[in-house]
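Below is one structure, written out as structure tokens; the observations come after it.
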Amino acid sequence: MKGEGLEPNVFTYNILLKALCKNGKVDGACKLLVEMSNKGCPPDDVSYTTIISSMCKSGEVDKAKELALRFEPVVPVYNALIHGMCREYRIQEAFDLMNEMVDKGVDPNVISYSTVISCLSDMGNIDLSLAVFGQMFVRGCSPNVHTFTSLIKGYFLRGRLGDALGLWNLMIREGVWPNVVSYNTLIHGLCSNGNMDEAISVWNQMERDFVRPNVTTYSTMINGFAKSGDLISACEVWNKMINCGCRPNVVAYTCMVDVLCQMSMFDQAFDLIDSMIADGCPPTVVTFNNFIKGLCRSGRVEWAMSVLYQMEKYKCLPNIRTYNELLDGLFKVNAFREACGLIREMEEKEAELNLVTYNTIMYGFSFQGMNQQVLQLLGKMLVNGVKPDDITVNITVNAYCKLGKVRTAIRVLDNITAEKEFCADIITHTIVLWGICNWLGTEEAIVYLHEMLKKGIFPNIATWNVLVRGFFSNLGHMGPIRILDDILGTQ
């Protein structure tokens, strides 16, 4: 242009700025901004908005805010900054920007409000979301479909199904027509709460409203049916998706792999994973985890182990859930040597063990009678900062009891209960009673049973089995019956 005696104007520069930002060259765009001023072509609102939006999207919110101080921001610039703050959950700063807009006589628009409402809903702060929603009406700003969808999502996240449906009905009454995203949000919320009949009803309404389902809609329905155990309906949705020409994505494929595994159709599940590659949709670790989980839970652990090493072919690294499923499967088929080999492999790869891993290994060791190793693993778990849960406590108490350290087991249990970190249930007490009957005698077992009953913890069939066996071995044939009659008679 310059060679032909033509000078670029602000419109030309803005095209260049947009191209640079689109390609991630924000620094180059900033230099061009300086050049514009030096060439006597001052940047306009579009110039600044383009760069500030790009900065916010790339996480440079503070830098964008500094740039905004150079001029009097307009609504699109404020919205870009608010969006940037909300992406980083800096909600107070987003509120400050909205207040600044009002102070400067710049009215926040529906995008400003919807961005903040969406952020608050994602954070689970539905009450504050509703306060902002109410403020919109006060300022004469009508909500759009994105505003309503964000609030509906927030209600579902808080488990407030009735409120979500009520807001959906309000949206319709206000004449705000739902789009595919809002329908997907409603269907996902219903499926997550197990309301499949209502989800089907909404899906049918979606089609009557000529809103075409997308891959997210189909994936959500497949997953919902799978979790509710309706595997036939899940397959029907998959077939409908394919017949409608909707191309599956990795989420849809992964859900369907899980469905096929639940139906014990492992060959078809493996073929589906292969077809993902052919379709240009590589399987993820979640896809493989679903397949491995299905194989392990059906006892096909050798196949599952082979899949672990095939994952490398797909350039997919196993995660801790992969190892957890395999360890659980190996221990359940009594493949103890292979489980120990996998544990060594995890150590070599420096895999970070989580609570499920520790519980799985501890349970496997306990099943093999390796109770001393169970306690050693508990120590390692605590050193690594992994907090035990109810399962860990029960395995630990069982290990102490099997080693004959029943009083230690009771002391550990009392300490944990006193700290209110754990509430012993009938399973825990049954384990302790087994230890008392085997190591301390029936008299102490009776005392412990009385204490249980005082706390309102009543024996189940497993507890009675432990007591009867313990009493028979110590008191002969009629002793247990008399004692149990006495105990029950005092209640």
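The letter at position 367 of the sequence shown is residue 370 when you use this note's numbering, and the numbering goes up by one with no holes.
We put the beta carbon where it would ideally sit given N, CA and C, even for glycine.
Asked: Does the distance from the CB of V179 to the CB of F151 come in under 8 Å?; Found: yes
Asked: Please report how far the alpha carbon of D130 lies from the alpha carbon of M58, in whole angstroms.; Found: 31 Å
Asked: Which of helix, strand or coil does DSSP assign to M4?; Found: A caution first: M4 carries a pLDDT of 45, below 50, which makes its placement in the model unreliable, though a value can still be read off. It is coil, neither helix nor strand.
Asked: Which residue's Cα is closest to the Cα of I225: F213, R211 and I245?; Found: I245
Asked: CB-CB under 7 Å to T419, same chain, minus the five flanking residues each way: which ones, in chain order?; Found: Note that residue 419 corresponds to Ile in the displayed sequence, not to Thr. If we look at I419 and ignore the five residues flanking it on each side, its Cβ neighbours are V396 and F425.
Asked: Considering only their Cβ atoms, is the gap separating V288 from N252 smaller than 8 Å?; Found: no
Asked: Of all the options L333, L275 and I280, which has the alpha carbon lying nearest to the alpha carbon of R300?; Found: L333
Asked: Just the C-alpha distance for R163 and I155, rounded to the nearest angstrom, thanks.; Found: 9 Å
Asked: How many Å lie between N242 and V214 at the Cα?; Found: 19 Å
Asked: Pick out the complete alpha helix (DSSP H) segments inside the stretch 10-69, 4 residues or longer, and give them in chain order.; Found: 13-25, 29-41 and 48-60
Asked: Tell me the rounded alpha-carbon separation between H480 and N468.; Found: Model confidence at H480 stands at a pLDDT of 48, short of 50, so the residue's coordinates are unreliable; what they give is reported in the following sentence. Roughly 14 Å separates the two Cα atoms.
Asked: Work out the CA separation of G192 and R410 for me, nearest whole Å.; Found: 49 Å
Asked: Tell me the DSSP secondary structure of S236 in three-state form.; Found: helix
Asked: Excluding five sequence neighbours on each side, which residues of the same chain lie with their C-beta closer than 7 Å to the C-beta of Y451?; Found: V435, L436 and I439
Asked: Evaluate G127 with the Cβ neighbour count: other Cβ atoms within 10 Å of its Cβ, from every protein chain shown; 16 or more gives buried, anything less gives exposed.; Found: exposed
Asked: If you draw a straight line from the C-alpha of M259 to the C-alpha of L330, how long is it?; Found: 24 Å
Asked: Within 10 angstroms of its Cβ, does I120 collect 16 or more other Cβ (buried), or is it exposed?; Found: buried
Asked: Using the three-state DSSP reduction, which class does P79 fall into: helix, strand or coil?; Found: helix
Asked: Counting only the same chain and skipping the five closest in sequence on each side, list residues whose C-beta sits under 6 Å from that of M104.; Found: Y81 and P111
Asked: Just to confirm before moving on: does the CB-CB distance between N198 and C249 stay below 8 Å?; Found: no
Asked: Please classify C258: does DSSP put it in a helix, a strand, or coil?; Found: helix
Asked: How should Q265 be labelled, buried or exposed, when 16 other C-beta atoms within 10 angstroms of its C-beta is the threshold for buried?; Found: buried
Asked: Would you mind giving the Cβ-Cβ distance between I364 and L380, rounded to the nearest angstrom? I have them listed as a contact below 8 Å.; Found: 6 Å
Asked: For the alpha helix (DSSP H) containing R410, name the first residue and the last one.; Found: V409 to A421
Asked: May I ask which residues mark the beginning and end of the alpha helix (DSSP H) holding Q375?; Found: N374 to V386
Asked: Report the three-state DSSP secondary structure of A465 (helix, strand or coil).; Found: helix
Asked: In whole angstroms, what separates the C-alpha of E348 from that of E91?; Found: 38 Å
Asked: Could you pull the start and end residues of the alpha helix (DSSP H) that G192 belongs to?; Found: V183 to S195
Asked: Since H432 and I449 are thought to touch, with beta carbons under 8 Å apart, how far apart are those beta carbons, to the nearest angstrom?; Found: 14 Å between Cβ atoms; not a contact.
Asked: If you draw a straight line from the C-alpha of D261 to the C-alpha of L358, how long is it?; Found: 24 Å
Asked: Looking at L70 and I85, is the spacing between their C-beta atoms short of 8 Å?; Found: no
Asked: So, for V135: in the same chain, excluding its five sequence neighbours on each side, which residues have a beta-carbon less than 8 Å away from its beta-carbon?; Found: Y116, V119, I120 and L123
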